[in-house]
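K.L.:
Sharing a structure, written as structure tokens. Questions coming.
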Amino acid sequence: MPYKTPESVLVVIHTPDLQVLLLERADRPGWWQSVTGSLEAGETLLQTAIRETMEETGIDARQYRLQDWGYSTQYEIYDCFRHRYAPGVTHNTEHVFGLLVADQIAVTLAPREHLRYIWLPAQAAADKCFSPSNRAAINLLTGGLHHD
Numbered sequence: 000m001p002y003k004t005p006e007s008v009l010v011v012i013h014t015p016d017l018q019v020l021l022l023e024r025a026d027r028p029g030w031w032q033s034v035t036g037s038l039e040a041g042e043t044l045l046q047t048a049i050r051e052t053m054e055e056t057g058i059d060a061r062q063y064r065l066q067d068w069g070y071s072t073q074y075e076i077y078d079c080f081r082h083r084y085a086p087g088v089t090h091n092t093e094h095v096f097g098l099l100v101a102d103q104i105a106v107t108l109a110p111r112e113h114l115r116y117i118w119l120p121a122q123a124a125a126d127k128c129f130s131p132s133n134r135a136a137i138n139l140l141t142g143g144l145h146h147d
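Structural data, given as structure tokens:
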């Protein structure tokens, strides 16, 4: 299996009233997050966001308002995930997208990736995320930068 690219997208899926979708990781029960995934060879950030959203939730992001928030962060890769990257790779750059959906729509999980999903108000969703960068991205919603 090839190493993951240390560049990824994070897609914050939310409703107009700021209900946010979170997914529970299958490999780390109790760790909740937004849609996330690494770029594959030749993909743009937008293509990665669309692909990862479909793979992880069954939601076709092209049917809704998918927006590059023009925000990225670099973080240290958790030790438990470092084996997925080439030797010596310790940091990942994450690009944040928002996906506005009309309501709390049904989700079809990828069972090898996620166990459950929940919709929560933005602040509760941010508080539930294990990842500080994911919390920060959700907090962008409540900061008023990306309301629709």
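116 is the number that numbering that gives the first Met the number 0 gives to position 117 of the sequence shown; each next residue is one higher, with no gaps.
For every residue, glycine included, the Cβ atom is placed at its ideal position computed from N, Cα and C.
1) On a Cα-Cα basis, can you pick out the residue from Lys3, Tyr2, Glu54 and Glu42 that is closest to Leu22?
2) Near Ala123, what residues of its chain come up, given a Cβ to Cβ distance below 6 Å and the 5 sequence neighbours on each side ignored?
3) Kindly indicate which residue of Thr56, Thr4 and Lys3 has the alpha-carbon position closest to the one of Ile104.
4) Which of the three DSSP states, helix, strand or coil, is assigned to Pro120?
5) Among Arg134, Ile49 and Leu38, whose alpha-carbon lies nearest the alpha-carbon of Gln62?
6) Measure the Cβ-Cβ separation of Val100 and Thr14 and say whether it is below 8 Å.
7) Leaving out the 5 sequence neighbours to the left and right, which residues in its chain are closer than 6 Å to Ala121 when beta-carbon positions are compared?
8) I'd like the list of long-range same chain contacts for His146, defined as Cβ closer than 6 Å, with 5 residues on each side in sequence excluded.
9) Does the beta-carbon of Gln32 have 16 or more other beta-carbons within 10 angstroms, so that it is buried, or is it exposed?
10) Since Thr4 is in the beta strand (DSSP E), which residue starts that stretch and which ends it?
11) Sort His82, Asp59 and Ala85 by Cα distance to Val106 and report the nearest one.
12) Could you spell out the range, first to last residue, of the beta strand (DSSP E) harbouring Glu39?
13) Under the DSSP definition of a beta bridge, which residues are partnered with Trp31?
14) Just grab the DSSP bridge partners of Gln46 for me.
15) Once DSSP output is grouped into helix, strand and coil, what is the label at Gln62?
P.N.:
Let me lay it out:
1) Glu54
2) If you ignore the 5 residues before and after Ala123, its C-beta comes within less than 6 Å of no other C-beta in its own chain.
3) Thr56
4) strand
5) Ile49
6) yes
7) Leu17, Val19, Ile137, Leu140 and Thr141
8) In this prediction, His146 has a pLDDT of 43, which is less than 50 and means its spatial position is unreliable; what the coordinates show is noted afterwards. Nothing listed; no residue qualifies.
9) Buried is the call here.
10) Thr4 -> no beta strand (DSSP E), and no H or E assigned at all.
11) Asp59
12) No beta strand (DSSP E) holds Glu39; DSSP gives it neither H nor E.
13) Glu23 and Cys128
14) Beta-bridge pairing links Gln46 to no other residue.
15) helix
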